[in-house]
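In the working numbering, the protein residues as written are 23 to 515. Each remark here refers to the structure printed beneath this line.
Shown next as structure tokens:
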């Protein structure tokens, strides 16, 4: 047994917090995650520090919140900041990363990894071939240009995988993880980050997993009365560009959920394969499972992330300590992906000072130590900044683009169906949380958000041009109205 525990870090992309059977979702099958819950600690109020891929991962890796590390959206990763991989390297760990890291723009950066098996989402770019693309070419699938699913107008349309299960990216991540575990130096502790691209859209799973759930069996999205008033600029932005404002189609959203669940169950199966490969070393391995952010999945009539509502902002977080002495412990204290850095550093017995006072060791948090009452989240900044502070009982959100604030009373309204910001009975709580988050930014000198003890005001932004985001939809000309007019004149496409 090594002096320090091994660390297995498993991350999915865009997985909601309510997608684990053992935590209350009876519609989904997640036996591996259920066993982790039963053997470990589940943090039921974990929030992402930023509800988007690059910013969430940057915060988790550096332990620094977005406004400090400089990555508030899918902009550049703060590669100059110290990463948890670098800390673990200095403690003698063999560090290896597999799958989607989303280091932007330097996708092949090591940032403290000794080695990586590189893959990213999206279509193959000319002249760029990562490790997964090379693998597909070797297996005879060089013709598959979008191996994680067809984007464009099919981005939010459930679709069959173009690959068989044995060559799917989800299987590839597990296969590379098992290879690493089989060849590791057993006299040296390891840090292995296995990062799955799914259930990030496009929603596709290989056979037979794509038949695991039926759309008719899925519950429809939650659209509480007056939900339109709970949406921000960023909800409308994503509905406009990612979903194309197709309108509310209940059966489509049920079909989306069925394939989304299939992606998660397929990951769960492959996570089980990785855990089995640990063998006897599982009792000297700290295992942490989480996601970078969630997915609206039709709730509130919305899709995507970039929102502070629970479907987007809350993520699963399960920790199985070495030896698994926790046995199904549920922790409802606020937790954050910022806690990953200090948790891993403490496990490695690193004496590095924590990068931020906002992150705490999750094992200490579960034991009742280092309890804190709030966590924060942020997306973008300036005129489009979206900010959140959440405690156990209340959540406060401010959108600079809307010049509006929201207050949710999670005691009586855990599903966030009403905004209490305008209710006089909540004036004290509204003022208290607003003051606290503003003071946080003032203390850090973050003038992009605050000025003179208040939120900084900006002119309302226009909706961004979708051409700059590879996750957004596009439509080749002619557009539908033009096409219909042309058809009337006898146009033949």
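Backbone N, C-alpha and C fix where the C-beta goes; we use that ideal spot for every residue, glycine too.
Thinking C-alpha only, which one of 303, 223, 279 is nearest residue 176?
For the residues 303, 223, 279, the minimum Cα distance to residue 176 belongs to 223.
Sufficient close CB pairs (3 or more, under 8 Å) joining the stretch 42-52 to the stretch 321-337:
No: fewer than three Cβ pairs fall under 8 Å.
Residue(s) in a DSSP beta bridge with residue 400:
409
Compute the beta-carbon to beta-carbon distance between residue 71 and residue 78, rounded to the nearest angstrom, for a pair I have assumed lies under 8 Å.
Between residue 78 and residue 71 the Cβ distance is about 6 Å, and since that is below 8 Å, they are a contact.
Cross-strand partners of residue 138 (DSSP beta bridge):
119
Are there three or more Cβ pairs, one per stretch, closer than 8 Å when the stretch 349-362 is compared with the stretch 58-75?
yes
Run of the beta strand (DSSP E) containing residue 420, from where it starts to where it stops
416-421
Cβ-based neighbour list, residue 480, same chain, cut-off 6 Å, excluding 5 preceding and 5 following
Apart from sequence neighbours up to five positions away, the residues of its chain that approach residue 480 with a beta-carbon distance below 6 Å are 405, 422, ordered along the chain.
Where does residue 525 fall in DSSP's three states?
Look at the range of the chain in this structure, 23 to 515, and you will see that residue 525 is not part of it.
Rounded straight-line distance, which links the Cα of residue 184 to that of residue 229:
10 Å
Compare the beta carbon distance of residue 156 and residue 136 with 8 Å and say whether it is the shorter of the two.
It is not a contact, given that the beta carbons lie outside the stated cut-off.
Evaluate residue 323 with the Cβ neighbour count: other Cβ atoms within 10 Å of its Cβ, from every protein chain shown; 16 or more gives buried, anything less gives exposed.
So residue 323 counts as buried.
Indicate whether the contact test is met: 3 or more Cβ pairs, each with one atom in the stretch 23-38 and one in the stretch 300-314, closer than 8 Å.
By the Cβ rule, the stretch 23-38 counts as touching the stretch 300-314, because three or more pairs are nearer than 8 Å.
Could you have a look at residue 307 and say whether DSSP puts it in helix, strand or coil?
Looking at residue 307 - three-state DSSP - the assignment turns out to be strand.
Helix, strand or coil, according to DSSP, for residue 353 in the structure here?
strand
Take every Cβ of the stretch 92-108, pair it with every Cβ of the stretch 437-453, and state whether three or more of those distances are shorter than 8 Å.
no
Compute the distance between the beta-carbons of residue 216 and residue 32, then report whether it is under 8 Å.
yes
Sequence-distant residues of its chain with Cβ nearer than 8 Å to residue 52 (five each side left out)
Only 41, 42, 43, 44, 286, 287, 290 meet the Cβ criterion.
Could you tell me which whole alpha helix (DSSP H) segments of length 4 or greater appear in the stretch 195-271?
255-263
With a threshold of 8 Å, are at least 3 pairs of Cβ atoms found where one atom belongs to the stretch 412-419 and the other to the stretch 452-462?
yes
Taking DSSP as the reference, what is the three-state secondary structure of residue 28?
strand
Assuming contact is defined by CB atoms lying nearer than 8 Å, are residue 199 and residue 304 in contact in what I supplied?
no
Determine which residues share a DSSP beta bridge with residue 472 and list them.
Partner(s): 477.
Are the beta-carbon atoms belonging to residue 284 and residue 236 less than 8 Å from one another?
Going by beta carbons, residue 284 and residue 236 fall outside the 8 Å limit.
Run through the DSSP bridge pairs and tell me what residue 69 is partnered with.
336, 358
Ignore the nearest five residues each way along the sequence and tell me which others in residue 74's own chain have a CB closer than 7 Å to its CB.
95, 96, 315, 327, 328, 401
Those residues which DSSP pairs with residue 451 across a bridge:
In the DSSP output, where bridge partners are listed per residue, residue 451 has none listed.
Hey, how far is the Cα of residue 247 from the Cα of residue 321?
12 Å
Rounded C-alpha distance that separates residue 432 from residue 57
In this model, residue 432 and residue 57 are separated by some 28 Å (Cα to Cα).
Does the beta-carbon distance from residue 429 to residue 254 come in below 8 Å?
no
Between which residues of its own chain and residue 152 is the CB-CB distance below 6 Å, once the five residues before and five after are set aside?
140, 141
Could you have a look at residue 130 and say whether DSSP puts it in helix, strand or coil?
coil
Between which two residues does the alpha helix (DSSP H) harbouring residue 175 extend?
Segment: none, residue 175 is in no alpha helix (DSSP H) and carries neither H nor E.
Have a look at residue 493 and residue 221 and give me their C-alpha separation to the nearest angstrom.
Confidence at residue 493 is low in this model, with a pLDDT of 39, below 50, so the placement of that residue is unreliable and no value is reported for it.
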